[in-house]
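These notes are about the structure you will find just below.
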Amino acid sequence: MLAGGAGLRARPLDKLLVRGPDGRTVLERTVAAIQGSSAWPIVLVGGHAAGRLSEICPELPRVVAADHAEGLAASLRAGIARASTDGWRAALVCLGDMPLVRPATIDRLIEAHRRGGDAVDVVLPLAEGRRGNPLLWDRRLFAALGTLRGDAGGRALLAAPGLRCLEVETGDPGVLADFDTPERLVGFASGR
Numbered sequence: 076m077l078a079g080g081a082g083l084r085a086r087p088l089d090k091l092l093v094r095g096p097d098g099r100t101v102l103e104r105t106v107a108a109i110q111g112s113s114a115w116p117i118v119l120v121g122g123h124a125a126g127r128l129s130e131i132c133p134e135l136p137r138v139v140a141a142d143h144a145e146g147l148a149a150s151l152r153a154g155i156a157r158a159s160t161d162g163w164r165a166a167l168v169c170l171g172d173m174p175l176v177r178p179a180t181i182d183r184l185i186e187a188h189r190r191g192g193d194a195v196d197v198v199l200p201l202a203e204g205r206r207g208n209p210l211l212w213d214r215r216l217f218a219a220l221g222t223l224r225g226d227a228g229g230r231a232l233l234a235a236p237g238l239r240c241l242e243v244e245t246g247d248p249g250v251l252a253d254f255d256t257p258e259r260l261v262g263f264a265s266g267r
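This note's numbering numbers the first residue of the sequence shown as 76 and each following residue consecutively.
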């Protein structure tokens, strides 16, 4: 789970610490969704304020993206490096500010990857025909993900010739709902 950025668009709010009506923070809700799925292990990638994230989620193994100020790609590289070192078959890349993704959606992506085997490089969730997050990357793409730079994630690779993408309609609007602006966070806090 990527949570290494400074959340500049959300300022003055700290997007991962805003509490919803149930009292849980954005980050806690996102972690709970992943924990409710079959995804395992879960690794939290921190950077900006990594110590604070450790306090919120002390049970999760962590990786620190030392170059987190570069942008999203730095956190992605750090997480994928851990997945590669640990010998994972695939990595489900979840964003820390997407607390509405359903555990069943994550399980559908994992199952789609298992069924697809060597014929699938990346599994993308759809809601109402629109691509969302999280994305599940096969280990064959780990090296390419490790080359990304700047404030962009793996979507830059989706246009690569020959990339075998499997789109899965989820019916889950949570795959489209990130909370990275003050307005969106106020809506999250009030239950909208």
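Glycine is no exception: its CB is placed at the ideal position from the N, C-alpha and C atoms.
Just so we're clear, the structure is a prediction, and the values are computed from it rather than from any experiment.
Enclosing alpha helix (DSSP H) for Ala158 [first to last residue]: 147-160
Cβ neighbour criterion (16 or more within 10 Å) applied to Thr245: buried
Inter-residue CB distance, Leu151 and Gly229 (contact presumed, cutoff 8 Å): 6 Å
Through-space distance from Gly146 to Ala78, alpha-carbon basis: 11 Å
Where Gly122 falls, given that 16 or more other Cβ within 10 Å makes a residue buried: buried
Own chain residues within Cβ distance below 6 Å of Val275, not counting five before or after: Since the first residue of the chain shown is 76 and the last is 267, residue 275 is not available in this structure.
Terminal residues of the beta strand (DSSP E) in which Pro257 lies: Run containing Pro257: none in the beta strand (DSSP E); it sits in the alpha helix (DSSP H), 257-264.
Beta-carbon contacts of Ala158 that lie in its chain and below 6 Å, excluding the five residues immediately before and after: Excluding its 5 nearest sequence neighbours in each direction, Ala158 has C-beta neighbours in its own chain below 6 Å: Ala166, listed in chain order.
Spatial distance of Arg183 from Glu130 (CA atoms): 30 Å
Between the CA atoms of Leu170 and Leu199 - distance to the nearest angstrom: 14 Å
Integer Cβ distance of Leu241 from Val195, believed to fall under 8 Å: About 5 Å separates the CB atoms of Leu241 and Val195; that is less than 8 Å, so the two are in contact.
Neighbourhood of Ala264 by C-beta distance below 8 Å, restricted to the same chain and skipping five residues each side: Val93, Arg94, Gly95, Pro96
Cβ-Cβ distance between Ile181 and Ala252 below 8 Å: Not closer than 8 Å, so no.
Residues of its chain near Arg205, where Cβ-Cβ distance is below 7 Å and the 5 sequence neighbours each way are ignored: Here the set comprises Leu251.
Buried/exposed call for Thr222, threshold 16 Cβ in 10 Å: exposed
Bounding residues of the beta strand (DSSP E) (the contiguous stretch that carries Asp213): 210-213
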